[in-house]
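A.B. asks:
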Amino acid sequence: QYDPYHDPHCGGRQVIVHLFEWKWSDIAAECERYLGPKGFCGVQVSPPNEHCVITQNNDRPWWERYQPVSYILTSRSGDEGQFKDMVDRCKKVGVRIYVDAVLNHMAGLGRSGTGSAGSGFNADQRSFPGVPFGPNDFHSRSDCPSASGNVDNYQDPKNVRNCNLVGLVDINGGTDYVRGKQADYLNHLIDLGVAGFRCDASKHIWPGDMGGIQSKVKDLPEGGRPFFYHEVSDFNNEAIHDSEYFGEGYVTEFRYSVKVKNGVDNLDQLHYVYDQGWNMSPPNQAFVYVDNHDTQRNGGVLTYKDGARYKRAVAFTLAYNYGFTRVMSSFYFDSNDQGPPHNGDFSTKDVTINDDGSCGNGWVCEHRWSPIGNMAKFRNAVQATDEVDNWNTANGVLSFNRGNLGFFAMGLNGFNERRQTGMPAGQYCDLISECKIKVNVDGDGSAQISPADQNEPFVAIISERGY
Ligand code: QV4
Ligand code: CA
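Letter by letter, the sequence shown follows residues -1, 1 to 466 of mature numbering (1 follows the signal peptide of the UniProt record, and there is no 0).
What follows is the structure, given as structure tokens:
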């Protein structure tokens, strides 16, 4: 049934890419030259609002953008004009923008001065004139039950939601004034053409407050509710459950990243990545990804640093039938705090494109790796079916078909196998190699499957209807 909070408004496309720390001008260009043609639904962008400017170790850490100063749209990625230009140019090629909305808190204790848009602020005094927010707009010391004033007990919802997350001064979302200011921010973004929001740290916001904000957020100009997905980690060991947010939209499924990691070397396990025994969210609530900008730093998941295993995890995620999918696109980093590639004045470096289609200037661009970027079309093509048939992992090669809409195969190594595809007889383009090879499906639905490049051991085909 139609669920108003679950439509990403991208014409039926299915894959969002997080272009972490990219400038608006680079995202606009990427929509036109790559994401639109490749069938991506949209881009999750870094927080566009005014943030703290934090200099440490001769760097500007990426996480300064999770310390809001106001909702003015001038950030390290660009200004409002550049933001608007990005939204428009992406939309023209069928790609929507999803904003990372940081609503739980403002800057960290001890921070004061001038934000990225020039607004003054003082976190200790709870003074943010650029909004404006003052002391009454934050949780008071007595609202928070912890001794330190920080979130330090995940067994107590009041502690998690009324205390300061790592010292970030905690907004009280219970008042009409605060909800109004935050809804104004989101409504302004909707006026500019965005299609939805990744809600940061939703676990730390009372579901009723989140709902209160969302109810003040307008429909999109073309009709329908904006697409909301909430960042809530739930490993079944805390007081707060992700299901508390199901009424507000999709919810990030952190358990998926662990499941898929376990499966990339034990292909049969991949059939069980949606583990109800782990209380994982149902497919129509789960927002899934192999890694995100936090987990790629905290360990425990696969990242670009894992090479072939990472490609298997992401390609499989896009081929399988679980959840709404997001692909991570990173910059290379050696230490966790390291900011994006930058020039001497700390301005973010352009994303350059090499002749072979890879990125330069320190940008990884996982989304352009062929078994990742080319799988967006696959997921778009198979969305109409939940079916996963003819699961086969013989000889270290996983293959399955999605009803008669698509067939996918990936190997631990190169391969040349006869497999049942579920597809009508005919000749199909291999998506992974951008049609360098064709797959011939016989009358019995079987086909000889061999990747175009044995070092990139993936094959994917879709029915004409989808291609
Ligand atoms: C430090 C001390 C605190 C002290 C404080 C005093 O650690 O003990 O109280 O100073 O001022 C940065 C620093 C952190 C510092 C803090 C405040 O790393 O050491 O506290 O700033 O100045 C990102 C980073 C954080 C960063 C934060 C703000 O990950 O390290 O903190 O931005 O700049 C849980 C949550 C989940 C959260 C996840 C990381 O449930 O919601 O942890 N994920 C989201 C984002 C994440 C972001 C935030 C939430 C906060 O995905 O990127 O944190 O917006 O699972
Ligand atoms: Ca809170």
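Every residue, glycine too, gets a C-beta built ideally from N, C-alpha and C.
These figures come from a predicted structure and were not determined experimentally.
Shorter than 6 Å, the distance from the beta carbon of residue 470 to the closest heavy atom of ligand 1, or not?
C.D. replies: This structure gives no information on residue 470, because the portion of the chain shown stretches from -1 to 466.
A.B. asks: If you compare alpha carbons, which of A200, I96, V92, I352 is closest to V86?
C.D. replies: Of the listed residues, the one whose Cα sits closest to V86 is I96.
A.B. asks: Indicate the three-state DSSP secondary structure (helix, strand or coil) for N122 in the structure shown.
C.D. replies: It is Ala, not Asn, that sits at residue 122 in the sequence shown. Residue state, collapsed to three classes: coil.
A.B. asks: May I ask which residues mark the beginning and end of the beta strand (DSSP E) holding T113?
C.D. replies: Counting along the chain, the beta strand (DSSP E) containing T113 begins and ends at 111 to 113.
A.B. asks: Taking the beta strand (DSSP E) that residue 477 belongs to, which residues open and close that run?
C.D. replies: Since the first residue of the chain shown is -1 and the last is 466, residue 477 is not available in this structure.
A.B. asks: So, helix, strand or coil for G359, using DSSP?
C.D. replies: Residue state, collapsed to three classes: strand.
A.B. asks: Cα-Cα, which of S346, N353, C428, N360 is closest to F377?
C.D. replies: It is C428.
A.B. asks: Verify the contact flag: Q66, CB atom, against every heavy atom of ligand 1, threshold strictly below 6 Å.
C.D. replies: Yes, Cβ of Q66 sits closer than 6 Å to a heavy atom of ligand 1.
A.B. asks: Hey, R325 and M409: beta-carbon distance below 7 Å or not?
C.D. replies: Cβ distance not < 7 Å, so R325 and M409 don't count as in contact.
A.B. asks: Pairs of beta-carbons, one from the region 234 to 247 and one from the region 215 to 223, closer than 8 Å: are there three or more?
C.D. replies: Not touching, per the Cβ criterion.
A.B. asks: Ends of the alpha helix (DSSP H) at N161?
C.D. replies: From DSSP, the alpha helix (DSSP H) with N161 extends over 156 to 161.
A.B. asks: Could you please go through the chain and list the residues whose beta-carbon is closer than 5 Å to any non-hydrogen atom of ligand 2?
C.D. replies: Ordered along the chain, the selected set is N103, R160, D169, H203.
A.B. asks: Quickly, what does DSSP pair G77 with across the bridge? List them, please.
C.D. replies: G77 pairs with S74.
A.B. asks: Residues in its own chain within less than 6 Å of A285 by CB, not counting five upstream and five downstream?
C.D. replies: Around A285: E252, G322.
A.B. asks: If you run the structure through DSSP and keep just helix, strand and coil, what is S139?
C.D. replies: The answer is coil: DSSP assigns S139 none of H, G, I, E or B.
A.B. asks: Would you give the residue range spanned by the alpha helix (DSSP H) that E29 belongs to?
C.D. replies: E29 -> alpha helix (DSSP H) spans 23 to 29.
A.B. asks: According to DSSP, which residues form a beta bridge with P67?
C.D. replies: For P67, which the question treats as bridged, DSSP gives the partners H50.
A.B. asks: Compute the distance between the beta-carbons of G107 and L167, then report whether it is under 7 Å.
C.D. replies: Result yes, Cβ atoms of G107 and L167 sit closer than 7 Å.
A.B. asks: Which residue or residues does DSSP assign as beta-bridge partners of M409?
C.D. replies: The partner list for M409 (beta bridge, DSSP) reads L397, F457.
A.B. asks: Taking 6 Å as the line, does the beta carbon of A200 fall inside it for any heavy atom of ligand 1?
C.D. replies: Indeed, a heavy atom of ligand 1 lies less than 6 Å from the Cβ.
A.B. asks: Under 7 Å, do T73 and A116 count as touching if we go by C-beta distance?
C.D. replies: Yes, these two residues count as a Cβ contact at 7 Å.
A.B. asks: In or out: P206 buried (at least 16 other Cβ within 10 Å) or exposed?
C.D. replies: Counting Cβ neighbours within 10 Å, P206 comes out buried, since at least 16 surround it.
A.B. asks: If you count every other CB in all the chains shown that lies within 10 Å of the CB of V159, and 16 or more means buried, which is it?
C.D. replies: Buried, because 16 or more other Cβ atoms sit within 10 Å of the Cβ of V159.
A.B. asks: Taking a contact to mean a Cβ-Cβ separation below 7 Å, would you say G425 touches D388 in this structure?
C.D. replies: No, Cβ-Cβ distance for G425 and D388 is not below 7 Å.
A.B. asks: Assuming N161 contacts D169 (C-beta within less than 8 Å), just tell me the rounded distance between them.
C.D. replies: Indeed, because the Cβ distance is near 7 Å, the residues count as touching under 8 Å.
A.B. asks: Between which two residues does the beta strand (DSSP E) holding D199 run?
C.D. replies: 195 to 199 is the span of the beta strand (DSSP E), which, as asked, contains D199.
A.B. asks: Consider the Cβ of A194: report whether some Cβ of chain B lies at a distance smaller than 7 Å.
C.D. replies: This model lacks chain B altogether; it includes just one protein chain.
A.B. asks: What would DSSP say about W61, mapped onto helix, strand or coil?
C.D. replies: Here W61 sits in helix by DSSP.
A.B. asks: On the CB-based measure, 16 or more other CB atoms within 10 Å of its CB, does F234 come out buried or exposed?
C.D. replies: It is exposed - the Cβ of F234 has fewer than 16 other Cβ atoms within 10 Å.
A.B. asks: D267: which of P7, F399, L102 sits nearest, CA to CA?
C.D. replies: The residue with the shortest Cα to Cα distance from D267 is F399.
A.B. asks: Can you tell me whether E463 is buried or exposed, with buried defined as 16 or more other CB within 10 angstroms of its CB?
C.D. replies: With fewer than 16 other Cβ atoms within 10 Å, it is exposed.
A.B. asks: Give me the Cβ distance between P340 and W368, rounded to the nearest whole Å; I'm assuming they're in contact under 8 Å.
C.D. replies: Wrong, their Cβ atoms sit about 19 Å apart, outside the cutoff.
A.B. asks: Using C-beta distances below 6 Å, list every residue in its chain close to D78, excluding the 5 sequence neighbours before and after it, in chain order.
C.D. replies: Nothing listed; no residue qualifies.
A.B. asks: Exposed or buried, which one is S432 when buried takes at least 16 other CB atoms within 10 Å?
C.D. replies: With 16 or more other Cβ atoms within 10 Å, it is buried.
A.B. asks: Short of 8 Å in beta carbon distance, which residues of its chain neighbour F227, apart from the five on each side in sequence? Order them along the chain.
C.D. replies: For F227, where only same-chain residues beyond five positions count, the Cβ hits under 8 Å are Y4, G195, F196, C198, Q213, E247, G248, Y249.
A.B. asks: Return yes when the Cβ of R308 is within less than 7 Å of the Cβ of L317, no when it is not.
C.D. replies: In this structure, R308 does not lie closer than 7 Å to L317 by Cβ.
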